[in-house]
Each structure stands twice: as structure tokens, then as C-alpha cells.
Amino acid sequence: MPHEPVLRPWRVTDAPTLLRHLRGTADLATQLPSFQDTAEARAWIEERAGLWYFALAINGVAMGNVSVGNVDRTHSTGRMGYWLAPAARGKGWAKRAACTVADHVLFTVTEPVFRLELGHRVDNPVCGRIALAAGFVHEGTERQKLQYGRLRVDTHTYGRLQTDPRPAHEPLALEP
Numbered sequence: 130m131p132h133e134p135v136l137r138p139w140r141v142t143d144a145p146t147l148l149r150h151l152r153g154t155a156d157l158a159t160q161l162p163s164f165q166d167t168a169e170a171r172a173w174i175e176e177r178a179g180l181w182y183f184a185l186a187i188n189g190v191a192m193g194n195v196s197v198g199n200v201d202r203t204h205s206t207g208r209m210g211y212w213l214a215p216a217a218r219g220k221g222w223a224k225r226a227a228c229t230v231a232d233h234v235l236f237t238v239t240e241p242v243f244r245l246e247l248g249h250r251v252d253n254p255v256c257g258r259i260a261l262a263a264g265f266v267h268e269g270t271e272r273q274k275l276q277y278g279r280l281r282v283d284t285h286t287y288g289r290l291q292t293d294p295r296p297a298h299e300p301l302a303l304e305p
């Protein structure tokens, strides 16, 4: 029986698990770099140390990621992203994790951002439902924003402001 998930910084010891998730989950190939080996996964983790990248850990095993990157201090914005391994999906953890990290970055940190942005491929409606449940507002569609090989893909765009209503949720523990 799994324990309550926690959000914690990625650890270099998570590299084999990260590589396994990437290799075993087709939809993650578009969200993560194509790691060739554990060393490349470890380098990805090391590059994000001290940033707002959190592993969703269940019983100590990293089963997903919630992050805020592309932080622009001039305009006080950041871009949120999240993914879960298939075994962690469908349990409501993505919404809780997204809410927890969004609240942390919008209200708790020393230099909070005012606006969080989020986007997802239009063929991934689950991601949109998570965004809405996490308090993000659908703002539109960006036509042919992403490119995978020769294929161009539209994305839906969302935003959440400090001044938006905070969604009701049970936060996850967020380890420093």
C-alpha cells in the first residue's frame, strides 16, 4: 500500500528511475530530453538542483515531476510543467502536486512570482483538466507551437495569477 506522496527535490540517486520512466513511457519522450544513459539523467538532475523542480515521491521512489522554470524576474512570471509515471496516474496526485507547487511559488517563497503559465498539447486533455483543477484559467490556443519531427502541434495555454481564487485542495508535503 503506497504512503502519501511527497514533493521533494530530485536526487542524483533518482537517475536510474528517471531513465526507466523515460524509456518505459512513450508520452514522456516529448517532455524530457532523450537520455541515453544514467549519467545523462544524473546531469539533468544536477542542472536543476536549487531550482523549483520537485520529484513526486511515493514510498521514496520518484514517480513524477512538478516544476516551475523559465522564471522571468523582470515580469515576475514562471512556467509550470508536470508529468507522472503511469503507475501514479489517476489518483488525484497530479492536481494536488500542481496546486502545492503553484501555491509555494506564488505565495511562500522569498521572491514569489505573480503569474504562472502552463501549456499542453491539445491531444492531452487530461493535462488540461489538471490545470483547471489547480486553479489555472484557460487563455487560448497557440497554433502549431510545438514541433515533433515534421509534425506541428497546437497547445492550449493557461495562466494562474496571485490574485486568482485559490482552488480547494489537500496540499502534499513539500520537503526542502
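The opening residue of the sequence shown carries number 130 in the numbering used here; numbering runs sequentially from there.
A virtual CB, placed ideally from N, CA and C, is assigned to each residue, including glycine.
Computed from a predicted structure; not experimentally measured.
- Consult DSSP for W139 and reduce its assignment to one of helix, strand or coil. coil
- Selection from R208, H267, W173 that minimises the alpha carbon distance to T146: W173
- Run of the alpha helix (DSSP H) containing E175, from where it starts to where it stops: 167 to 176
- With contact counted as at least three CB pairs below 8 Å, one residue from each stretch, are the region 267 to 286 and the region 219 to 239 in contact? no
- Message: Buried or exposed for D252, going by 16 or more other Cβ atoms inside 10 Å?
- Response: exposed
- Item | Residue range of the beta strand (DSSP E) that includes R258 | First-last for R258: 254 to 262, but that is the alpha helix (DSSP H), not the beta strand (DSSP E).
- Query: Can you check whether the CB of Y287 is closer than 9 Å to the CB of E299?
  - Reply: no
- Can you round the beta-carbon distance between L151 and A158 to whole angstroms, since I take them to be within the 8 Å contact cut? 7 Å
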